[in-house]
Amino acid sequence: MKIGERLFDVDYDCYIMGILNYTPDSFSDGGRWNDRDRALRHVGEMIEEGAAIIDIGGESTRPGHVQISAQEEIDRVAPIIELVKKNYDIPVSVDSYKSEVVEAALKAGADMINDIWGFQYDRRVAQLAAAYDVPCCLMHNRANRDYGDFMTDLLRDMEASVAIGREAGVRDENMILDPGVGFAKNHEQNLTAIHRLDRLKALGFPVLLGTSRKSTLGYVLDLPSDQRVEATVATTVVGVLKGAAFFRVHDVKENYRAMRMAQAILREGK
13 MKIGERLFDV DYDCYIMGIL NYTPDSFSDG GRWNDRDRAL RHVGEMIEEG AAIIDIGGES
73 TRPGHVQISA QEEIDRVAPI IELVKKNYDI PVSVDSYKSE VVEAALKAGA DMINDIWGFQ
133 YDRRVAQLAA AYDVPCCLMH NRANRDYGDF MTDLLRDMEA SVAIGREAGV RDENMILDPG
193 VGFAKNHEQN LTAIHRLDRL KALGFPVLLG TSRKSTLGYV LDLPSDQRVE ATVATTVVGV
253 LKGAAFFRVH DVKENYRAMR MAQAILREGK
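Dropping the structure here:
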């Protein structure tokens, strides 16, 4: 898979996507990087620690978040995307589900789309992904938790997202699937989504796992969001074992090292 100017071996390798929340109200680091100089320094730190992609978001999607306007989101993300692309040679993903924001981000230099609604909130996002011929991560999400058989329904929802992409002209080679840990799921369902990641991979697309500091980890260990690094690392190792290719995390160094160690064990054990 080509993202920006880089090739990613999604069949035999794994990669870290570093999170840059350019927003004052993210659930775990809101406001911490909400300044261009600090944000740029943090991107440099994540690259040094092993990040292969930087995911930039301008709207918090934590539980109970208040949706901001597309223009406000554009005003946040477009300038910082331009700044990162000017200063660093690294692929940049835009974390948005609104077509106006996605279009502005692509024009600003974004190389990839990370859509938390998997094309199902705004189908024009799929059209933009096709027009710009960029990779897109399709995350599982829905407006309710009315599941029959949880994994069967999750996979069916993911297939619907893929179908929207194909109809718009998005190439299969440009689609990545994300089980959507923390979205429209209870804690047990989140754990099941991680445990059955291999079933998602069986659909034939690269898989991205995004569990970093999320509430399910706190639920299991009874820890606040700033004390969930080890729990995130554990999910990253499980993700490697289940075949995930990308890991979206806040704590790059710790997850990168754990990912590489898990890969080494798998490779030598064959």
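Add 12 to a position in the sequence shown, counting from 1, and you land on the number used in the numbering used here. Think of the CB as a built atom: it goes at the ideal place given N, C-alpha and C, for glycine as much as any other residue.
Where does residue i land, buried or exposed, given buried means 16+ other C-beta within 10 angstroms?
i: S81; result: exposed
i: I277; result: exposed
i: K197; result: buried
i: N156; result: exposed
i: R50; result: exposed
i: D127; result: buried
i: N99; result: exposed
i: H207; result: exposed
i: A175; result: exposed
i: E171; result: exposed
i: Y24; result: exposed
i: E85; result: buried
i: L233; result: exposed
i: M58; result: buried
i: L166; result: buried
i: A243; result: buried
i: P91; result: exposed
At what residues does the beta strand (DSSP E) containing residue i begin and finish?
i: L32; result: 27-33
i: S105; result: 104-107
Tell me, please, which residues DSSP counts as bridged to residue i.
i: A63; result: I28
i: N126; result: D107, C149
i: R18; result: I15
i: I188; result: C149
i: L220; result: F258
Cα-Cα, which of the options is closest to residue i?
i: E95; options: H54, D184, E60; result: Before going on, a small fix: residue 95 reads as Leu here, not Glu. Minimum Cα distance to L95 is reached at H54.
i: N202; options: P191, R269, R225, P218; result: P191
i: M5; options: M13, F195, E280; result: The displayed coordinates of the chain run from 13 to 282. Any statement about residue 5 would go beyond what the structure contains.
i: D263; options: K254, Q239, Q275; result: Q239
i: F131; options: R88, V104, A180; result: A180
i: D67; options: Q79, I93, T164; result: I93
i: R183; options: A142, A205, A214; result: A142
i: E60; options: Y268, D134, M273, E280; result: Y268
i: E266; options: A257, G255, V249; result: V249
i: L221; options: K97, E115, T204; result: T204
i: C149; options: F217, V261, K119, V252; result: F217
Which of the three DSSP states is assigned to residue i in this structure?
i: D134; result: coil
i: R260; result: strand
i: G337; result: Because residue 337 is not part of the residues shown, which for the chain are 13 to 282, the question remains open.
i: K226; result: coil
i: V182; result: coil
i: L215; result: coil
i: L235; result: coil
i: A143; result: helix
i: Q79; result: coil
i: A196; result: coil
i: R50; result: helix
i: A155; result: coil
i: D23; result: coil
i: D210; result: helix
i: D161; result: coil
i: G121; result: coil
i: R272; result: helix
i: R279; result: helix
i: R240; result: coil
Looking at the unbroken alpha helix (DSSP H) that takes in residue i, where does it start and where does it end?
i: N99; result: 82-99
Output yes if chain B places a C-beta closer than 8 angstroms to the C-beta of residue i; else output no.
i: P147; result: This model lacks chain B altogether, as it is built from one protein chain only.
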